[in-house]
Every structure is written in C-alpha cells, then in structure tokens.
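At position 67 of the sequence shown the residue is numbered 67 (our numbering), and the sequence of numbers has no breaks. Worksheet: one structure, shown below.
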Amino acid sequence: MDAMKSLGMIFTSPEGAARIVTEKPRWVLPLVVFIIATVVSGYGSYRYKAEFQKEIAARIVEDTGIQVDLDMTIDDTPWIRLRSGLLEAAGSAVFILLVPAALFNGIASIAGGAIGFKRMFTYMCHVGLIVAAGNIIRIPLMVLKQSYDVRLGAAAFLPHLDPISPLGVFLGSLDLFSIWAVVALVMGYRDLSGMGIKKAAVIVVGLWLLAILVLVGFAYLRSQVTGRA
Numbered sequence: 001m002d003a004m005k006s007l008g009m010i011f012t013s014p015e016g017a018a019r020i021v022t023e024k025p026r027w028v029l030p031l032v033v034f035i036i037a038t039v040v041s042g043y044g045s046y047r048y049k050a051e052f053q054k055e056i057a058a059r060i061v062e063d064t065g066i067q068v069d070l071d072m073t074i075d076d077t078p079w080i081r082l083r084s085g086l087l088e089a090a091g092s093a094v095f096i097l098l099v100p101a102a103l104f105n106g107i108a109s110i111a112g113g114a115i116g117f118k119r120m121f122t123y124m125c126h127v128g129l130i131v132a133a134g135n136i137i138r139i140p141l142m143v144l145k146q147s148y149d150v151r152l153g154a155a156a157f158l159p160h161l162d163p164i165s166p167l168g169v170f171l172g173s174l175d176l177f178s179i180w181a182v183v184a185l186v187m188g189y190r191d192l193s194g195m196g197i198k199k200a201a202v203i204v205v206g207l208w209l210l211a212i213l214v215l216v217g218f219a220y221l222r223s224q225v226t227g228r229a
C-alpha cells in the first residue's frame, strides 16, 4: 500500500515519497511501472521518431557530401514498435535510473550523507515516472502535429529553431517534465541524504547541467562536421 501511495506522491509531494522510500525502499513496483510506461511511449512514438532520425541522417549526408544511399522506408509493425519500446525501456532503466542512482549515492557518501544504493535506486525509479509521464503526454501531441519534434519547454518559444542545433538541444533539454523531475530529485535527495537543500541542489542541478552540456557538445561537433549551426 505504501509503495502505491508513494507513486502518486512523487508528483505532488516528493518529500512524502522520500520518507516512504527511506522507511521501505521497495523498488520493484515503481521500476515495473516505469518500464511499462516507457514501453508504451516508445511504442506510440516509434514512427515519428524513426521519421525524425531518417530526416536527420539525410541532412547529415547532404551537408557532408558523403555518397551514401539511404533507405528512407520505415518498417512499421506492432512487433517493431514493441521492440523499439523494450529497447528504449532497457536503455532508460540503465541511464536514467541505475547510473544516476549510483552517482548520487556515491556523491552522498563522499559529502557525508548516508543513503544506501537501494534507497537511492528506489527513489530514482519514482522520479523516472515523471519523465515517463512526459513522454506519454507527448504521444497525442505528436499525432496532432505529425512530427516527433514536440516542445514542452523553453524551445516552444522558438518554433523555427533547429532541434538538433546546439541551442536547440540546450533549450530542448529544459522541458517542463525534466525540470519537474529535477526539482523532485533535489527535494528527495535532501531528505534521503540529510544534506541541506543548497548542497542537494548544487549536486543534482550540477550533474543535470553537466549531462546537458555533454549533449550540447555532441550537437556542436555535429554542426562543425556538417557546417550547419
């Protein structure tokens, strides 16, 4: 019952969810819900994502002058959609939940806050639900727009901005659900570790911005190769 309660509380009261996780770090249910939600979002967005990736590949080939014959057909079957969703769920479980949980737990140990990997991973599974909810909400918007490029944050104010340019990647990372998840993570990290809110915010926001800068760096390198800023 507490596990079900904490799933809802992560959206409205991250501190309450953190208290439940501290007492009973049960990670199975939130992880299963996260995986199901991610599979659903991957299944629903498959065609739009595939079209977007094909378009980007065609632009890179055109800009660089590489002589490559691109197959622009998209195989769209229920099995392919499901496979895409499962792969997305597996990657998200590793890079959104497992790796950050290990990082935050390790940093907390160094900074004097004892959490324990199980508690941190359980809370990351809860925070991941916010990200997964955002991905699901994007699906009907993709259908309406007939495009994978759905903007729910700062990038929405610049509709003509190239989504894979360095600025486009930076602003695209500042979407509503990502910021919501970061705020929930800061509040929960403070309660789980016993740190002050400022120290928790510096660690969480610092790692988040570092991840964004890595993505922006890749976008910049691509723009240098293709000559498209």
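Note that beta-carbon positions come from the ideal geometry of N, C-alpha and C, so glycine has one too. Computed from a predicted structure; not experimentally measured.
By the 10 Å Cβ neighbour count, where 16 or more other Cβ atoms means buried, how is residue i classified, buried or exposed?
i    : result
I20  : buried
E15  : exposed
D2   : exposed
M120 : buried
G188 : buried
I36  : exposed
I197 : exposed
P140 : exposed
V225 : exposed
F157 : exposed
P159 : exposed
A184 : buried
M195 : buried
L129 : buried
Considering only the alpha carbon of each residue, which of the options lies closest to residue i?
i    : options                : result
G217 : V183, P166, W180, V202 : P166
A219 : L171, V182, E51        : L171
L97  : A108, F117, S109       : F117
E23  : A156, A37, D191        : D191
V186 : G153, A200, A17        : A200
E88  : A101, K49, I197, D175  : K49
S223 : V33, A18, Y46, I56     : I56
V150 : I35, V183, A17, F52    : F52
A211 : N135, L86, L174        : L174
R47  : S193, Y148, R59, F104  : Y148
Q146 : R138, G153, L86        : R138
I179 : M195, I164, W208       : W208
K54  : D75, F34, M4           : D75
Taking the alpha helix (DSSP H) that residue i belongs to, which residues open and close that run?
i    : result
T22  : 14-23
R119 : 117-145
G194 : Counting along the chain, G194 falls outside any alpha helix (DSSP H), and DSSP gives it neither H nor E.
F104 : 99-110
W79  : 78-92
Report task. May I ask you to verify whether the stretch 16-29 touches the stretch 109-129, counting CB pairs closer than 8 Å and requiring at least 3? Result -> yes
Query - Entirely enclosed alpha helix (DSSP H) segments - the stretch 147-176, minimum 4 residues - result: Listed in chain order, the complete alpha helix (DSSP H) runs (minimum 4 residues) inside the stretch 147-176 are 166-173.
Query raised in the report: Per the contact definition of three or more C-beta pairs closer than 8 Å, is the stretch 34-50 in contact with the stretch 73-84?
Result: yes
Query raised in the report: Three or more beta-carbon pairs under 8 Å between the stretch 103-116 and the stretch 4-18, yes or no?
Result: no
Query - Ranges of the alpha helix (DSSP H) found wholly within the stretch 39-64, counting only runs of at least 4 - result: Taken in chain order, the stretch 39-64 contains no complete alpha helix (DSSP H) segment of 4 residues or longer.
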